[in-house]
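So the structure is just underneath, and the comments pick up after that.
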Amino acid sequence: ARRAALSASTGPGATSDGHKVPLLANIGGPADVPAAVEAGAEGVGLFRTEFLFLDDSKQAPSEEKQVEAYRKVLEAFPEGRVVVRVLDAGADKPLDFLTPAEEPNPALGVRGLRSLLDHPDVLRTQLTALAKAVEGLPVYLEVMAPMVADRTDAKAFADACRAAGLRAKFGAMVEIPSAALRARSVLQEVEFLSLGTNDLAQYTFAADRQVGAVSRLQDPWQPALLDLVAASADAAKAEGKSCGVCGEAAADPLLACVLTGLGVTSLSMGAKAIPYVRATLAKHTLAQCERAAAAARATDTADEARAAAQTVLSGE
Ligand code: PEP
Ligand code: MG
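Heads up: the sequence shown at position 282 corresponds to 522 in UniProt numbering, and the numbers run straight through without jumps.
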């Protein structure tokens with residue numbers, strides 16, 4: 241019965257009263273595209289481009305190799321949108337030619353956008369490859385930077401995109417609390433935000449995402465994390481811009497309703513989760529999602545937040 245209910249659930253993501261929340265896929269490369277299409281993804285909300293760089297830790301892949309990989313993904317969503325994240329190296333994903341060999345705290349060191357700004361040639365090649373890959377395609381390309389801390393970072397990234405002649409929207413990931421707290425300032429430089437809730441939880445709670453002993457603090461239901469999501473979504477609304485979520489939080493159907501209630505404008509997740517999130521979202525109105533979000537934020541722990549949202553959404 242569960243299977244039947246899910247297969248009946250197709251089409252764009254929306255609440256029961258028709259408030260649209262595009263459901264997008266997180267992918268690591270062209271090999272993940274068929275599963276995303278099969279799940280009915282409306283596009284790609286996070287294309288993690290790291291995979292291309294893993295074959296050779298001594299140098300970046302050639303521009304031609306990158307154009308080929310990006311084009312394969314862009315061609316798969318002719319009418320959809322594809323959000324490509326530029327290389328996020330460092331910390332849990334070190335690369336010899338980019339990542340400093342000895343850092344006392346790699347997660348707090350030169351990673352993500354920071355390593356690209358230290359190696360402008362690598363960023364330039366990636367942006368030029370994206371500009372070439374999208375040429376002649378109708379797809380709606382968006383490009384975003386990981387680990388944006390503030391407006392200065394956002395401007396540096398947008399300047400690099402413009403210099404590469406990229407025809408796309410430029411955005412910033414919100415993974416550092418400073419970017420969520422000053423989201424309106426970041427939005428003076430870029431056109432959209434995308435919340436990376438995995439890193440945002442890590443940096444909000446000072447809890448390494450790779451350390452199981454502190455996993456309680458990695459729970460995306462933590463009310464403090466919901467507050468930062470709300471701050472980002474409110475800022476985007478005030479600026480007339482969009483704010484999606486592409487961290488693991490979006491794959492939890494109940495939390496997806498809460499995120500929608502907080503004002504998030506799209507949800508991106510592993511393809512497998514899309515049918516479940518679509519089905520759950522379709523059972524609730526936007527007003528119910530907003531009530532669930534307010535109830536969750538009024539609690540003090542992740543467990544209480546989850547229970548409060550559950551009560552609101554099941555008591556209807
Ligand atoms: C995140 O941090 O939530 C995110 C989407 O990026 P990654 O998991 O690749 O660091
Ligand atoms: Mg991240």
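For glycine and all other residues, C-beta sits at the position ideal for the given N, C-alpha and C. Remember, predicted model here, so these are calculated numbers, not experimental data.
Span of the beta strand (DSSP E), counted from its first residue to its last, around residue i
i, result
"residue 283", "283-288"
"residue 333", "Segment: none, residue 333 is in no beta strand (DSSP E) and carries neither H nor E."
Three-state secondary structure (DSSP) of residue i
i, result
"residue 351", "coil"
"residue 523", "coil"
"residue 469", "helix"
"residue 267", "strand"
"residue 538", "coil"
"residue 248", "Interpretation of residue 248 is limited by its pLDDT of 41, a score under 50 that renders its predicted location unreliable; no figure is taken from the coordinates."
"residue 298", "coil"
"residue 241", "Summary for residue 241: the model assigns pLDDT 43, below 50, so the residue's position carries little reliability; its value from the coordinates is reported in the next sentence. Reduced to three states, the DSSP call for residue 241 is coil."
"residue 501", "helix"
"residue 442", "helix"
"residue 360", "helix"
Reference residue i; option with closest CA among the options
i, options, result
"residue 270", "314, 413, 257", "314"
"residue 357", "374, 394, 375", "394"
"residue 476", "284, 433, 268", "433"
"residue 385", "551, 294, 327, 346", "327"
"residue 555", "523, 431, 375", "523"
"residue 283", "486, 531, 519", "486"
"residue 285", "413, 525, 418, 515", "413"
"residue 361", "380, 301, 416", "301"
"residue 547", "494, 415, 298, 352", "494"
"residue 509", "411, 354, 435", "435"
Boundaries (first-last residue) of the alpha helix (DSSP H) holding residue i
i, result
"residue 385", "Looking at the DSSP string, residue 385 is not in any alpha helix (DSSP H); the run it does join, the beta strand (DSSP E), is 380-385."
"residue 397", "391-403"
"residue 411", "Segment 409-414 is the beta strand (DSSP E) holding residue 411; no alpha helix (DSSP H) there."
"residue 314", "303-316"
Bridge partner(s) assigned by DSSP for residue i
i, result
"residue 485", "435, 507"
"residue 321", "283, 380"
"residue 260", "254"
Heavy atom of ligand 2 within 7 angstroms of residue i beta-carbon
i, result
"residue 405", "no"
"residue 411", "no"
"residue 386", "yes"
Cβ-heavy atom distance, residue i to ligand 1, below 7 angstroms
i, result
"residue 328", "yes"
"residue 483", "no"
"residue 286", "yes"
"residue 272", "no"
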